[in-house]
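K.L.:
Chains as they are written, first to last, in our numbering: chain P, 1 to 272; chain B, 1001 to 1286.
1) When you compare only the Cα positions, how much space is there between residue 1271(B) and residue 1284(B)?
2) One question on the structure: do residue 1224(B) and residue 1175(B) come within less than 8 Å of each other, judged by their Cβ atoms?
3) Is DSSP giving residue 205(P) helix, strand or coil here?
4) Hey, how far is the Cα of residue 233(P) from the Cα of residue 251(P)?
5) Quick check: is any heavy atom of the ligand ZN less than 7 Å from the C-beta of residue 248(P)?
6) Checking contacts by CB at 8 Å: is residue 1080(B) closer than that to chain P?
7) Kindly give me the distance between the Cβ atoms of residue 97(P) and residue 133(P), rounded to whole angstroms, as I take these residues to be in contact under 8 Å.
8) Return the CA-CA distance between residue 93(P) and residue 156(P), expressed in angstroms with no decimal places.
9) Could you give the first and the last residue of the continuous beta strand (DSSP E) run that contains residue 36(P)?
10) Between the C-alpha atoms of residue 180(P) and residue 113(P), what's the straight-line distance to the nearest angstrom?
11) CB-CB under 8 Å to residue 1222(B), same chain, minus the five flanking residues each way: which ones, in chain order?
12) For a cutoff of 8 Å on Cβ pairs, would you count residue 101(P) as touching chain B?
13) With distance defined between alpha-carbon atoms, name the residue in 211(P), 212(P), 116(P), 192(P) nearest to residue 203(P).
14) With DSSP collapsed to three states, give me the class of residue 218(P).
15) Three-state secondary structure (DSSP) at residue 180(P)?
16) Would you tell me roughly how many angstroms separate the C-alpha atoms of residue 137(P) and residue 143(P), rounded to the nearest one?
17) Just grab the DSSP bridge partners of residue 62(P) for me.
18) Could you list which residues in chain P have their beta carbon closer than 8 Å to that of residue 1207(B), in chain order?
19) Between which two residues does the beta strand (DSSP E) carrying residue 160(P) extend?
20) At a CB distance below 7 Å, what residues from the region 30-59 of chain P approach chain D? Give them in sequence order.
21) For residue 75(P), return the contacting residues in chain B, with the cut-off set at a CB-CB distance below 8 Å.
22) When you compare each of 1122(B), 1144(B), 1116(B) to residue 1133(B) by their alpha carbons, which one comes out closest?
23) Cβ atoms of residue 249(P) and residue 208(P): under 8 Å apart, would you say?
24) Does residue 1278(B) come within less than 8 Å of chain P when only Cβ atoms are used?
25) Just to make sure I have the definition right: I need the residues of chain P whose C-beta is within less than 7 Å of the C-beta of residue 1242(B). Which are they?
26) In terms of residue numbering, what span does the alpha helix (DSSP H) encompassing residue 1233(B) cover?
27) Residue 1180(B) touches chain P at which residues, Cβ-Cβ below 9 Å?
28) Based on the DSSP secondary-structure assignment, which residues constitute the bridge partners of residue 20(P)?
29) Would you please state the rounded distance, in angstroms, between the beta carbons of residue 1216(B) and residue 1173(B)? I believe it to be under 8 Å.
30) Do the region 105-119 of chain P and the region 41-59 of chain P make contact, defined as three or more Cβ pairs closer than 8 Å?
31) What does the alpha-carbon distance come out to for the pair residue 220(P) and residue 37(P)?
32) Can you find at least 3 beta carbon pairs, one from the region 1151-1168 of chain B and one from the region 62-76 of chain P, that sit closer than 8 Å?
33) Determine contact between the region 1069-1078 of chain B and the region 1177-1194 of chain B, defined as no fewer than three beta-carbon pairs at a distance below 8 Å.
34) Could you tell me which chain B residues have their CB closer than 8 Å to the CB of residue 85(P), listed as they occur along the chain?
35) Just the Cα atoms here: how many angstroms apart are residue 1040(B) and residue 1051(B)?
36) Tell me the DSSP secondary structure of residue 30(P) in three-state form.
This is the structure:
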């Protein structure tokens, strides 16, 4: 598998009034083409900052990031982005919001018309093409944002806690919807989340981040087969994996060099 | 996958059947929509009109009863007859005032939005000029009218220039405030889409600024009218402001009031047009 994203020794330091703050400390990992990788960690561990750097929206203080062989210095049109808020333009209809990236790149709207309608139908917004964002619920707006990020069919899709602002029930529905979308439109996916279950359900690999220092402590492979059935969340293997990962997060106060933490967490998981 | 245990549904439904029904609710009589509309019309239109009618009535009766001199405070009926006498003249003088107000307003919009956009887009220019603009907002610009006569002379163009000067400040300030109103996350999203600065300005920042710009425009139209009238007071051969000055030199108070009345109507129509445009645009860009 070829490498889509290479991150080496990435760091971000913010100068604040109370001194320098290490938002991200020496994170290194690779993401292969076609993989769905979650970056999982508690609030404040720097995972959003890491994604902003990978998207070209923040500069690196140290280290390097490479997207398909080219250094990341600024945002690229072949990277789809979804943020925590839907961020739809309030005066545009749902359809026009989905078409916004096409308009920015000055491409022909007609070429993308069929794709926009297909995407909106796929997320269940068939009758909402002409509605305004103010007429939609939070979950529906986020679905429009997902369509907008997919309209140009980018090979890489990055999502920063896209469902954090939604209620738990909608969030579960959106997870299933995202799984569905991704399995029908395979591409490289990066998901930032603080939900262990969400990460295990959706990903091929999970990069666990902790704070202090804010770095990737371990790389967990999710062994479940593709295409994934959403009902695996009920299975014992799923929940064991979640407990194991929770162990890493709770005990990981530093980069795990001798795999001792991993063994300890596994031991903790098997006795629960 | 573990088989889920069937929830004990029967237990729930059983307990629901044994709930004792509470006391019967009192039915409230529904208010008919006709009555609701009537109340609305009464309160918003009829009531204020009634107050105005009472004031006019009292004015008429009291001025006639106490034989108040016509040069001090003429009764409304006298003002009306005077107005009808000079109606063609009133209309003739209303035209230049209205036209100059509109032209000044439009010029103020163009200059104001352009300047506001430039200042909002370049941080150093913003820092340099913003305090000066605020300073000019605060000083009574009307006091500068005689200065304008010295600089640009008298005549239609100079009146328009003065009124434009009065009217464009609120538009600059509101444009700058409006362009700051775009949520920063939205700007970040646009940056992520590789939008150029110009695209962000025209497609995102300007639409977000529209409600603010309209607030500034409503202030600007009133200032444009004031500017034209004051310029006419000082030196003009025509216009409603000139008519007011002329009438006061003749101690023709009724004519003064008639001219003011026409001026009010002009002002209301122009302001109302801007407010209506605002309503339409807010609906689209709100």
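From the three backbone atoms N, C-alpha and C, an ideal C-beta is built for every residue, glycine too.
A quick note: this is a predicted structure, and the numbers were derived from the prediction, not measured.
P.N.:
If we stick to the structure as given:
1) Along the second chain, read from residue 1 onward, the residue named residue 1271(B) stands at position 271. Along the second chain, read from residue 1 onward, the residue named residue 1284(B) stands at position 284. Taking the straight line joining both Cα atoms gives about 20 Å.
2) Here residue 1224(B) refers to the residue found at position 224 of the second chain. Here residue 1175(B) refers to the residue found at position 175 of the second chain. No.
3) Your numbering for residue 205(P) matches position 205 in the first chain. Residue 205(P): strand per DSSP, three-state reduction.
4) Start at 1 with the first residue of the first chain, and residue 233(P) comes out as number 233. Start at 1 with the first residue of the first chain, and residue 251(P) comes out as number 251. Answer to the nearest angstrom: the Cα atoms are 24 Å apart.
5) Ligands are entirely absent from the displayed structure, and the ligand ZN is therefore not among its contents.
6) On the second chain, residue 1080(B) is found 80 positions in, with the first residue counted as 1. It does not; no Cβ of chain P falls within 8 Å.
7) Position 97 of the first chain, counted from the start, is the residue given in the question as residue 97(P). Position 133 of the first chain, counted from the start, is the residue given in the question as residue 133(P). So it is a contact: roughly 7 Å between Cβ atoms.
8) Within the first chain, the letter at position 93 stands for residue 93(P). Within the first chain, the letter at position 156 stands for residue 156(P). C-alpha separation (whole angstroms): 26 Å.
9) Indexing the first chain from 1 puts residue 36(P) at position 36. It spans 36-40 - the beta strand (DSSP E) in which residue 36(P) sits, taken as one unbroken run.
10) In the first chain, counting from the first residue as 1, residue 180(P) sits at position 180. In the first chain, counting from the first residue as 1, residue 113(P) sits at position 113. Cα-Cα distance, rounded: 22 Å.
11) Walking along the second chain from the start, residue 1222(B) turns up at place 222. 1267, 1271, listed in sequence order.
12) Within the first chain, the letter at position 101 stands for residue 101(P). Yes - at least one Cβ of chain B is within 8 Å of the one on residue 101(P).
13) As a first step, residue 203(P) must be located in the first chain, where it is residue number 203. Comparing Cα-Cα distances from residue 203(P) to each of 211(P), 212(P), 116(P), 192(P), the minimum goes to 192(P).
14) Numbered from 1 along the first chain, position 218 holds the residue referred to as residue 218(P). Here residue 218(P) sits in strand by DSSP.
15) In the first chain, counting from the first residue as 1, residue 180(P) sits at position 180. Residue 180(P) falls in the helix class under three-state DSSP.
16) Position 137 of the first chain holds residue 137(P). Position 143 of the first chain holds residue 143(P). Roughly 10 Å separates the two Cα atoms.
17) Your numbering for residue 62(P) matches position 62 in the first chain. Looking at the DSSP assignment, residue 62(P) forms a beta bridge with 11(P).
18) Residue numbering aside, residue 1207(B) sits at position 207 when the second chain is read from its first letter. Those within 8 Å of residue 1207(B) in chain P are 89, 91.
19) Looking up residue 160(P) in the first chain gives position 160. Residues 156-160.
20) Any reference to chain D falls outside this structure, whose protein chains are P and B.
21) Along the first chain, read from residue 1 onward, the residue named residue 75(P) stands at position 75. Ordered by position in chain B, the residues that pass the 8 Å Cβ test against residue 75(P) are 1191, 1192, 1193, 1194.
22) Counting from one through the second chain, the residue named residue 1133(B) turns up at place 133. Answer by Cα proximity: 1116(B).
23) Indexing the first chain from 1 puts residue 208(P) at position 208. Indexing the first chain from 1 puts residue 249(P) at position 249. Yes, the pair counts as a contact, with Cβ atoms nearer than the cut-off.
24) Here residue 1278(B) refers to the residue found at position 278 of the second chain. So, not an interface residue.
25) Locating residue 1242(B) in the second chain gives position 242, where the first residue counts as 1. None at all; the shortest Cβ gap to chain P is about 44 Å.
26) As a first step, residue 1233(B) must be located in the second chain, where it is residue number 233. Taken as a continuous stretch (DSSP letters only), the alpha helix (DSSP H) holding residue 1233(B) covers 1206-1234.
27) Numbered from 1 along the second chain, position 180 holds the residue referred to as residue 1180(B). The contacting residues do not exist; residue 1180(B) stays about 17 Å from chain P at best.
28) In the first chain, residue 20(P) corresponds to position 20, counting from 1. Its beta-bridge partners are 15(P).
29) Here residue 1216(B) corresponds to residue number 216 of the second chain, with the count starting at 1. Here residue 1173(B) corresponds to residue number 173 of the second chain, with the count starting at 1. Yes, residue 1216(B) and residue 1173(B) are in contact; Cβ-Cβ is about 7 Å, under 8 Å.
30) no
31) Residue numbering aside, residue 220(P) sits at position 220 when the first chain is read from its first letter. Residue numbering aside, residue 37(P) sits at position 37 when the first chain is read from its first letter. Their Cα atoms are separated by approximately 10 Å.
32) no
33) no
34) Counting from 1 along the first chain, the entry for residue 85(P) is found at position 85. Result: 1185.
35) As a position in the second chain, residue 1040(B) is number 40, starting the count at 1. As a position in the second chain, residue 1051(B) is number 51, starting the count at 1. Cα-Cα distance, rounded: 17 Å.
36) Position 30 of the first chain holds residue 30(P). If DSSP states are grouped into helix, strand and coil, residue 30(P) belongs with the strands.
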